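S.K.: Residue numbers for the sequence shown, in UniProt numbering: 1 to 114.
There's a structure below that I have some questions on.
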Amino acid sequence: MVCGFIIGNYGWRVVFYMNGSLGVAWCLLWWLLAFDLPHKHPRITRRELNYINANIGDNIINTKDLKVPWCSIMTSIPAWSIGITTFGRIWVHYTFIIYGPSYMKTILGFSIQK
């Protein structure tokens, strides 16, 4: 509804640039506020760091030695069903996104401003 109002009054480019600006702002905030490790965070207190370190297990798994069970994954019925349903869901979603507005305008006679 908001996008229809903005597009109707200012054009589609404004919505495009607004979405892009929000994405850039989100990335900048994430870059400034998120850190890979707790001890690298500049605003963590000693108490918080001690709590985190006390509750982390001592077991470190070497992921280089782990093998991905590709054969089991590719022959798994649940994995295939998730893949097929996700493909179908995305197909329908993008069909509505791409062709929905033009269908509503040309066939149903809807106005983008309403």
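Here a beta-carbon is modelled for each residue, glycine too, at the ideal position from N, C-alpha and C.
All values derive from a computational prediction rather than experimental measurement.
If you measure between the beta carbons of residue 49 and residue 38, is that distance less than 9 Å?
M.R.: Result yes, Cβ atoms of residue 49 and residue 38 sit closer than 9 Å.
S.K.: Taking C-beta to C-beta, are residue 111 and residue 8 nearer than 9 Å?
M.R.: Taking 9 Å as the Cβ cut-off, residue 111 and residue 8 qualify as a contacting pair.
S.K.: Going straight from the alpha carbon of residue 82 to that of residue 27, what length do you get?
M.R.: Cα to Cα, the separation comes out at about 30 Å.
S.K.: If you follow the alpha helix (DSSP H) that residue 82 is in, where does it begin and where does it stop?
M.R.: From DSSP, the alpha helix (DSSP H) with residue 82 extends over 77-106.
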